[in-house]
Ligand SMILES: Nc1ncnc2c1ncn2[C@@H]1O[C@H](COP(=O)(O)OP(=O)(O)OP(=O)(O)O)[C@@H](O)[C@H]1O
Ligand SMILES: Nc1ncnc2c1ncn2[C@@H]1O[C@H](COP(=O)(O)OP(=O)(O)OP(=O)(O)O)[C@@H](O)[C@H]1O
Ligand SMILES: [Mg+2]
Ligand SMILES: [Mg+2]
């Protein structure tokens, strides 16, 4: 196919990835224009429903109320618990995490660390990572007692690296990159499961989310082609370069 | 003096007047559209509060858990006010002092450099301030009182952001005070401090006030920088070291994921912010007008 | 003695401010220069902006800014002239207009973004485009620009108005030849404010001009502004910090350059009007 | 010019009432009186400058046989024929040349050569030509007060008006400049009809043919006496005039 | 007060040179001369106001036996003893009371009662008491020009200075206010030493004991003649003086 335009809107987590995918797609299909816009997962869903976008980007599984759309998984994103690098704690159990997030455990001493008050970093209401976290630990957001609430991924990393007693949860690939580049954070294991991209890929780490492209009906034409391309092996290197895990 | 004549005689004038009136009406229409848009988008939220008979519930504390249909905005409203007020309390004296230094103490060369620095600072995007605050100020505070991301951090970063506005407008206000007053003070054998504090500042008061108003509006409306350093926990600010969430940050944090009532509630908070700015400018309009009419000074 | 102390206190405050300023600007400079190179300005971003340059982003930024200024300047000047020179007879109306402008000057920029998205992008069908972004920014800077110009015009010596009237000059001529040139410091200040606000704006542009970092070919293309780029790099792109600082450096320099340019153009234009017949 | 039963007010305050006087062609008429008695207001009605404030004007002013207070009067044309000079010199913030050129262009004189000739002529008339001919393109604001005022007079004269209204043209000037302007006014006598408001009684005596004395009674300005200048100063008919003329310090 | 060989310049332009004169205690000394000849500059050196511009001052001014141009002089104290009134009234934008209170506080008068008594006294001195006693807390800017100028005089008097310098104190006022201020100056004669600059020769004659005439020769101001007021006006020794006194229009 030559010519044609495609508009994608949605999750700011997926946007940088898709932008790179789109660039490669464009270079292979001269004349095609793919416009990627951000705004958030629900914006992606909204715009697809209204026909404002051809494809939506949603960084979670579709909910029951969203079954009018069909989702195509392009990548996974493992979510890992991170702390400040100098924190001696290496592993937390699910109960401990629930205890920390609900404010029952307030000092690292109580989970085998040094005497340091815990700073709980949580995601803002509506963010898909938060929903996943709540679901995973069967919590309600109103039960959480956070000291810092953040929006995007990088803000989480920056906050944890700035506060010695902080605990937060972010995308594993991102955290790995930052860890390797000297940012003072570290991923810790959960119930003994070690958070690495590799483990996510191999299914040895449960706590992960889906990165989906969604469309209204079954995709046709250019949209179909693009989704197929994004799911193909041809973009695997891009997915890895953006610190996500190919499905 | 008003130009408005009993009859506009000249044809060009007439045409110009019509054209400008149309232009202004167009601009006014567009701007009115913005307010209407805000109201329309927040209407689902407002009307559902209305029907449930709990019009002012959102002002009472019941927590901000939109997923659980609990929309307590009061803590954020208060946090917005606290952050703005705090930033003014820090920035006003320092900014005024800088203006005084600029106007009365600095030699021209130093003053020029200082001014340049201030304008440069005014050009730094707020994301950069946020980044700077998050990587420099927050850790400093965290050393002392974790988590660091707090009301205090927001106040410090914001006050730095509004400082140039206050300093530059106040310096301009001081510069526009007639030299005759200064000479009057000197001739009475007053010390420099008295001349500045008791004569120049009162004389420049209303213009300084205008700059402060501008700064207040900016502080109230600032989003990104505050979002990055304030901690964003929805709670009543009880102390300087508590994390808080302001209204603008709330919009930015949640807008991209919000749907339905949640989304409408965010628009409602936008409306609330606008109402606050309006109250502010209306109040100041009243104050300055009354001041002018009564010719009343301290 | 007290006097000396007071002087020291003032200078001390100024020194404090300067050192804080140097801290912020120094950070931007040091971190920015480390990543900066001339090719940074002339190449396309790669790898989500972590490497490569910002050429298309600079172009988009300039597009958006020009659209915003080209729209807001004449419109704003027109409204300001009308408010200060023609609406005075309708006291109530102009008071309302003034208060409305003050309110709008305080509406958070993200709200402008949402409005721009709903009105320009969707309702007028301009989509995600530099045009939508520019028009949204034009609306955003309009209130402040109008208010500064209007107060500048008001401050113009009334004796000149009276002089022009007594010479039987049409008002349009007096405005064009005398009042506008005389109000130029205020117009310049409004311009600087507008440029600063428009160039550093993030929130209003995410929903209007968009996120695409391709080189725009027409104002109807979507394009990413520098401030949006900085925000994305620092909040969304892992390992994007150094590129973010370099972009911030470019942004600060850009604003200073634009301000100087705008001021000198303005001066030049008025000077020609004032002295050459 | 015949003024009949003129009444001027601002809002619901009347500041001037029952003013009737004749202004004779080619003569200089001086108006004197204490501050606030409505002299400036009176002058402003004569060229309809009152249109541009919230002033109410009633009565008749006959000029060339028609009432210039009627709405249908072309005020721009009127003001070309009746020039005005203000108390404080108000040259436009433009070059000297532009100050004089602007009104000419405004009144449709397209030919640059014609304009330049007119400009040279009026500058010579007001005695500024020698002083400024080498810097016509310099800003008018750089001139001294006296020069500025003469430039303003030149600016009014360049339109070749028939009547010249002057509102305390010398009171913001030092005595030497003031002397020069006064001489200039004297030279205009005969060629122009001049109405001059002044606080300086000596000046009024020196320059005027006719004089009028305004006074405030019950907060409303009235024309107390009008007549030949000599008569008014030397043999005032009214006690108030006598008191003012002899007592007021100038 | 004895002035000897005073020279004043700005940058590298000398505006006043070789000025020597004596100012006698309790007398009123009037200084006259055309605009720009350095009268204001001269007055400013007398209370060291020149310190606050880029003026160069050379020469000697002996006051109470010591040279007040020396660096070691306490200028704040000096200005308390030598007050100054400017051409345009410059009341501070504060209430009437604050205008008078501020200098008192500044010079260490702590007791509120004492201050109030002094304020009442000077307001009576300048004849403002009846006019403003009921609105002492209203803004001074709401006063009329003449009242403002009298307030400024009161403000200078409240410090009980020995010398009062006045720079054209009436020229911005209408004749009635001007008359009131002039009477006030006359009432000060004997109690204060007054140096007054005026363009109004008649006024100088009416109020002054001594008079000095400044004139510009080769762009530098000089004191041409100084002496008893009567002599200077009626029997000037210098041709320039004679010409100015008879010719200048005021
Ligand atoms: N635009 C105006 N609005 C309301 N009142 C005005 C206006 N202009 C003048 N007045 C009032 O009208 C009265 C007469 O004023 P006018 O200026 O004509 O007096 P004047 O004789 O020229 O005084 P002066 O000698 O001080 O110039 C004054 O009481 C003044 O306050
Ligand atoms: N601050 C200054 N800097 C430079 N030159 C000055 C300054 N002040 C006064 N001059 C110049 O000094 C000369 C004398 O000025 P001064 O004001 O003393 O004259 P004056 O006799 O008071 O005049 P006038 O009667 O107009 O008040 C003038 O040529 C003036 O331009
Ligand atoms: Mg008048
Ligand atoms: Mg002087």
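Chains as they are written, first to last, in this note's numbering: chain A, 1003 to 1249; chain B, 1415 to 1712; chain C, 294 to 570; chain D, 833 to 1082; chain E, 833 to 1082.
Note that CB positions come from ideal geometry on N, CA and C, so glycine has one too.
Classification of residue i by the beta-carbon crowding that lies within 10 angstroms, buried from 16 upward
i: residue 980 (chain E); result: buried
i: residue 1076 (chain E); result: buried
i: residue 294 (chain C); result: exposed
i: residue 1367 (chain B); result: For residue 1367 (chain B) there is no data in the structure shown, the boundaries of chain B being 1415 and 1712.
i: residue 918 (chain D); result: buried
i: residue 871 (chain E); result: buried
i: residue 1042 (chain D); result: buried
i: residue 597 (chain C); result: Because chain C here runs from 294 to 570, residue 597 (chain C) falls outside it and cannot be looked at.
i: residue 1031 (chain E); result: buried
i: residue 1188 (chain A); result: buried
i: residue 945 (chain D); result: exposed
Pairwise C-alpha distance: residue j and residue i
i: residue 450 (chain C); j: residue 373 (chain C); result: 16 Å
i: residue 984 (chain E); j: residue 929 (chain E); result: 12 Å
i: residue 461 (chain C); j: residue 453 (chain C); result: 13 Å
i: residue 399 (chain C); j: residue 392 (chain C); result: 11 Å
i: residue 1215 (chain A); j: residue 1229 (chain A); result: 7 Å
i: residue 1712 (chain B); j: residue 987 (chain E); result: Note that residue 1712 (chain B) has pLDDT 31, beneath the 50 cutoff, so the model's placement of it is unreliable and no number is given.
i: residue 1129 (chain A); j: residue 344 (chain C); result: 28 Å
i: residue 975 (chain D); j: residue 1008 (chain D); result: 15 Å
i: residue 1049 (chain E); j: residue 850 (chain E); result: 12 Å
i: residue 1103 (chain A); j: residue 1147 (chain A); result: 6 Å
i: residue 357 (chain C); j: residue 424 (chain C); result: 7 Å
i: residue 1017 (chain A); j: residue 305 (chain C); result: 48 Å
C-beta atoms of residue i and residue j nearer than 8 Å
i: residue 1579 (chain B); j: residue 1520 (chain B); result: no
i: residue 1687 (chain B); j: residue 338 (chain C); result: no
i: residue 1010 (chain A); j: residue 1020 (chain A); result: yes
i: residue 860 (chain E); j: residue 1040 (chain E); result: yes
i: residue 520 (chain C); j: residue 493 (chain C); result: yes
i: residue 1035 (chain D); j: residue 1061 (chain D); result: no
i: residue 1456 (chain B); j: residue 1685 (chain B); result: yes
i: residue 1500 (chain B); j: residue 1642 (chain B); result: no
i: residue 1491 (chain B); j: residue 1634 (chain B); result: no
i: residue 1602 (chain B); j: residue 925 (chain E); result: no
Simplified DSSP state of residue i, which is helix, strand or coil
i: residue 833 (chain E); result: coil
i: residue 879 (chain E); result: coil
i: residue 918 (chain D); result: coil
i: residue 1244 (chain A); result: coil
i: residue 1487 (chain B); result: coil
i: residue 328 (chain C); result: helix
i: residue 990 (chain D); result: coil
Quiz item: With a cut-off of 8 Å, do at least 3 Cβ pairs link the region 1559 to 1569 of chain B to the region 1649 to 1656 of chain B?
Solution: Short answer: they touch.
Quiz item: Just checking, does the region 1060 to 1072 of chain D make contact with the region 904 to 920 of chain D on the three C-beta pairs under 8 Å criterion?
Solution: no
Quiz item: Would you call the region 1429 to 1442 of chain B and the region 1629 to 1639 of chain B touching, i.e. three or more CB-CB distances under 8 Å?
Solution: no
Quiz item: Would the region 1493 to 1507 of chain B and the region 1565 to 1582 of chain B be scored as touching if the rule is three or more Cβ pairs under 8 Å?
Solution: yes
Exercise. Specify whether the region 484 to 504 of chain C and the region 421 to 434 of chain C touch according to this definition: at least 3 beta carbon pairs, one from each stretch, less than 8 Å apart.
Key: yes
Quiz item: Is it true that the region 1082 to 1102 of chain A meets the region 1037 to 1049 of chain A, where meeting means three or more beta-carbon pairs spaced less than 8 Å apart?
Solution: no
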